[in-house]
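The opening residue of the sequence shown carries number 1 in the UniProt record's numbering; numbering runs sequentially from there. Ideal Cβ placement from N, Cα and C applies to all residues, glycine included. Keep in mind it's a predicted model, so treat the numbers as computed, not measured. Accompanying notes for the structure given below.
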Amino acid sequence: MLRKTEMETSMHLFFACSFSNQIIRTLLLIIGFNCNDSSWGSITNVAIGGIASGACIKNAYRAVVNLAIYYIWRERNRRLFNQ
Numbered sequence: 001m002l003r004k005t006e007m008e009t010s011m012h013l014f015f016a017c018s019f020s021n022q023i024i025r026t027l028l029l030i031i032g033f034n035c036n037d038s039s040w041g042s043i044t045n046v047a048i049g050g051i052a053s054g055a056c057i058k059n060a061y062r063a064v065v066n067l068a069i070y071y072i073w074r075e076r077n078r079r080l081f082n083q
């Protein structure tokens, strides 16, 4: 829906779409995670405990992923309902 180039599914919108993927990867890079693989499996693996860091870093990672998903969804709805 963001670019109208693919069929919309939640997996595509948040993790396969190059636009969304770039947003998530950029935000993670800002907090120090060089994420070459931003697939759903990779992101959830890190969020659940796949990083050997303190709780503060893990919470920051989870917050950034949640924030990105929220704003991608919000922009999708803005474009869909305010055409």
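Span of the alpha helix (DSSP H), counted from its first residue to its last, around residue i
{"i": "leucine 28", "result": "18-30"}
{"i": "glutamate 75", "result": "55-81"}
Simplified DSSP state of residue i, which is helix, strand or coil
{"i": "phenylalanine 14", "result": "helix"}
{"i": "asparagine 34", "result": "coil"}
Close beta carbons around residue i, own chain, < 6 Å, minus the five adjacent residues each side
{"i": "asparagine 45", "result": "none"}
Contacts around residue i, its chain only, beta-carbon distance under 7 Å, and the 5 residues preceding and following it disregarded
{"i": "phenylalanine 33", "result": "Tyr61"}
8 Å Cβ shell around residue i - same chain, five flanking residues per side excluded
{"i": "tyrosine 70", "result": "none"}
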